[in-house]
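Inspection log for the structure reproduced underneath, given as structure tokens.
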Amino acid sequence: MAVIDALDAYAPHITHPQMTAELEDGMSSIAAGKTTKEEVVRSSRDLLAQELDALLPVREQVKEALADAVAADAYVGVCPKCGKDLQIRASSKTKSMFIGCSGWPECDITYPLPKGKIEAQEEVCPTCGMPQVKVTAFRSKPHVKCIDPSCPSNHEPDVEVGICPKCTDRGIFDAKLIAQRNPRTLKRFIRCENYEECGCSYPLPQHGTLTPTDEVCEACGAPMVIVTTARGPWKLCPNFECSAKEEKNEAKAAKKTSRKRSPRKK
Ligand SMILES: [Zn+2]
Ligand SMILES: [Zn+2]
Ligand SMILES: [Zn+2]
Ligand SMILES: [Zn+2]
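First residue of the sequence shown? That's 858 in our numbering, and the numbers climb one at a time after it.
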């Protein structure tokens, strides 16, 4: 981490393991009755005061070094549009991470980032030469990916998952439902190839390998799919408005009210 290195250069004790070691020694000495808590606090305070005395005269340099270090930690590569730095940033609106250009607002180039811990990589994408990042999503293994959604390495093949029930209802029996991912929003969903006419689409979980099945949901006619994550395979009806789900929720709600209404035993 460049920030730690920058701090280390100006205030070695603050980040240096020596300070931690001295404090730990102090703790054991207190435990052993060799010294008092006051004594240890006083010497730590002196140590910090020394560091601050060293930092204050060079505060402007420290400020610059820290700003540079923060930029270095965020740096992912060169902007293909203007040649300035591409940086990992947090959106103030959504709090989510994305890649933006240090030339903003003159340069408006951005790349979406998936959820999880993001680390810049030194090697560029072997397919297209754009920068790569390492993504560690919750409960998943880290993986390195190209930041450009249009890069062939990021192209997930569309998966045929079944036949559109809405088109079937209107007499078209071979309309395919396709699972796909929007390259800009990175959202995954199922959509009918006649979507403009039938409006049939279903949301999908964002992570996990998608496997089609031959089954359709008995309640709503949507294709059943299997999503396999680190927690194992999960078979689901992707339809949010599926009546089977409503029945389940109703059953839950009914259980709750019946419990509430049940007369108390005296
Ligand atoms: Zn740019
Ligand atoms: Zn690429
Ligand atoms: Zn359709
Ligand atoms: Zn269903």
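Cβ coordinates follow ideal geometry from the N, Cα and C atoms, glycine included.
Could you tell me if residue i is buried or exposed, where buried requires 16 or more neighbouring beta carbons within 10 angstroms of its beta carbon?
i: Asn-1096; result: buried
i: Lys-998; result: exposed
i: Leu-943; result: buried
i: Gly-890; result: exposed
i: Ala-1079; result: buried
i: Gln-843; result: Lying before the first or after the last residue shown, residue 843 is absent from the chain, which here runs from 858 to 1123.
i: Ala-1032; result: buried
i: Leu-913; result: exposed
i: Tyr-1059; result: buried
i: Lys-1122; result: With a pLDDT of only 48 at Lys-1122, under the threshold of 50, the placement of this residue in the model should not be trusted, and no figure is reported.
i: Gln-989; result: buried
Ligand 4 and residue i: does the residue's C-beta get closer than 7 Å to at least one heavy atom of that ligand?
i: Cys-1021; result: no
i: Ala-1076; result: yes
i: Cys-1057; result: no
i: Ala-1101; result: yes
Taking the Cβ atom as the reference point for each residue, do residue i and residue j lie within a distance shorter than 8 Å?
i: Asp-1005; j: Met-987; result: yes
i: Thr-1068; j: Met-1081; result: no
i: Lys-1002; j: Asn-1011; result: yes
i: Gly-934; j: Val-992; result: no
i: Leu-1061; j: Ala-1036; result: yes
i: Ala-863; j: Ala-928; result: no
i: Cys-1021; j: Cys-1057; result: yes
i: Thr-1042; j: Pro-969; result: yes
i: Phe-955; j: Ser-949; result: no
i: Thr-877; j: Gly-883; result: no
Is it the case that the CB of residue i approaches a heavy atom of ligand 2 more closely than 7 Å?
i: Met-884; result: no
i: Cys-936; result: no
i: Cys-958; result: no
Answer yes or no: the CB of residue i versus the heavy atoms of ligand 3, is any distance below 7 Å?
i: Ala-1032; result: yes
i: Cys-1024; result: yes
i: Asn-1051; result: yes
i: Cys-1003; result: no
Please report the distance separating the alpha-carbon of residue i from that of residue j.
i: Glu-879; j: Asp-925; result: 30 Å
i: Gly-960; j: Lys-920; result: 21 Å
i: Pro-1090; j: Glu-976; result: 28 Å
i: Arg-1046; j: Ala-931; result: It is Phe, not Arg, that sits at residue 1046 in the sequence shown. One C-alpha to the other measures close to 31 Å.
i: Thr-1085; j: Pro-1009; result: 23 Å
i: Leu-1034; j: Ile-945; result: 36 Å
i: Val-860; j: Cys-1055; result: 54 Å
i: Cys-1094; j: Ser-1100; result: 11 Å
i: Gly-1028; j: Ile-1083; result: 28 Å
i: Ala-994; j: Lys-972; result: 6 Å
i: Pro-874; j: Asp-1015; result: 51 Å
i: Ile-887; j: Gln-978; result: 45 Å
i: Glu-881; j: Ala-866; result: 23 Å
i: Phe-1030; j: Gly-1019; result: 11 Å
i: Glu-1013; j: Ser-901; result: 55 Å
i: Glu-1098; j: Cys-1074; result: 12 Å
i: Ala-868; j: Lys-941; result: 31 Å
i: Ser-953; j: Pro-937; result: 23 Å
i: Pro-962; j: Glu-895; result: 53 Å
i: His-1064; j: Lys-1092; result: 14 Å
Report yes if the C-beta of residue i is less than 7 Å from at least one heavy atom of ligand 1; otherwise report no.
i: Gly-973; result: no
i: Gly-986; result: no
i: Ile-945; result: no
i: Cys-964; result: yes
- Query: Hey, which unbroken runs of the alpha helix (DSSP H) at 4 residues or more fall wholly within the stretch 861 to 885?
  - Reply: 869 to 872
- Message: Suppose only complete runs of 3+ residues qualify. What are the beta strand (DSSP E) ranges in the stretch 900 to 976, listed by chain order?
- Response: Listed in chain order, the complete beta strand (DSSP E) runs (minimum 3 residues) inside the stretch 900 to 976 are 932 to 935, 942 to 947, 954 to 958, 967 to 969.
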